[in-house]
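Colleague: The structure that follows is given in the form of structure tokens.
Residue numbers (our numbering): 415 to 684.
Rendered as structure tokens:
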């Protein structure tokens, strides 16, 4: 569930022009965020939409069935594992998925994450069924755009990149432009978040006075989290990476992960 409480529709937005637009859906186990872009300009945004609208559209039937130029669906996975490219074999996906404790009501996907890694991840059958109409070849791991956008434009060996949505923190650290650490943590309080960041920090081998925390995400408690993290990591700042042209009322760090899905339009999931 997204903590974005801002819905938006550009004055020039029209579903009759959908063949010029890209539809971006960010889907979690609880809800989905709907966004439409013209090239890199945000034309429409609707957070916290009911998952039932994907499976059986009613209120959003027109918005979801328009003839869009491109569609990308980002799946916020319940669990995942990374497999180095040199070790990955498509016929062994079931074997890799054993690390995910897959239940009978869950579906496994696999795709290349970046030049060095494949990612194998799972989501519920309900989510899989809800997005099937958009074609699984248009579905990607939800963090793929965020990961690759930072790798291409920002990656610093001294930084830990943190994206926070609801009570989940996604964390990443690079070495020579390649992912060294990537993980997700669930947390309930600011102190829980500090603890999770500290675990990742210790794995980096960096000096505490040098490490930089770069924050993005939709959490309504972001200022509280930033303040608490600054007590331990003095170089804590907002991620300034901008992927899309946004209305002035919406900061780019709030929808960095969502807008970065634009970079995944041609990616595939299996």
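Glycine residues also receive a C-beta, built at the ideal position from the N, C-alpha and C atoms.
(1) In chain order, what residues of the same chain lie with their CB nearer than 7 angstroms to the CB of residue 644, ignoring the 5 residues before and after it?
(2) Measuring straight from C-alpha to C-alpha, what distance separates residue 621 and residue 587?
(3) Tell me, to the nearest whole angstrom, how far the beta carbon of residue 573 is from that of residue 630; I am working on the premise that it is less than 8 angstroms.
(4) Once you ignore the five residues that flank residue 476 on each side, which residues in its own chain have a CB closer than 7 angstroms to its CB?
(5) Hey, how far is the Cα of residue 415 from the Cα of residue 609?
(6) Between the segment 559-569 and the segment 523-530, do at least 3 Cβ pairs fall closer than 8 angstroms?
(7) Answer with buried or exposed for residue 547, where buried requires no fewer than 16 other C-beta atoms within 10 angstroms of its C-beta.
(8) Residues in its own chain within less than 6 angstroms of residue 611 by CB, not counting five upstream and five downstream?
(9) Compute the Euclidean distance between the alpha carbons of residue 514 and residue 577, then round it to the nearest angstrom.
(10) Please report the straight-line C-alpha distance between residue 675 and residue 659, rounded to a whole angstrom.
(11) Under the assumption that residue 488 contacts residue 554 (Cβ atoms under 8 angstroms), give the Cβ distance between them as a whole number of angstroms.
(12) Let me see if you follow: with CB-CB separation under 7 angstroms, is residue 496 close to chain C or not?
Modeller: Let me spell this out:
(1) 650
(2) Residue 621 and residue 587 have their C-alpha atoms roughly 14 angstroms apart.
(3) 12 angstroms between Cβ atoms; not a contact.
(4) Hits under 7 angstroms: 429.
(5) Any reading at residue 415 must be qualified, since the residue scores a pLDDT of 49, below 50, and its modelled position is unreliable; the value itself is stated next. Taking the straight line from one Cα to the other gives about 23 angstroms.
(6) yes
(7) Flag for residue 547 reads exposed.
(8) Around residue 611: no qualifying Cβ.
(9) 22 angstroms
(10) Cα to Cα, residue 675 sits roughly 14 angstroms from residue 659.
(11) 6 angstroms
(12) Among the chains of the structure shown, chain C does not appear; only one protein chain is present.
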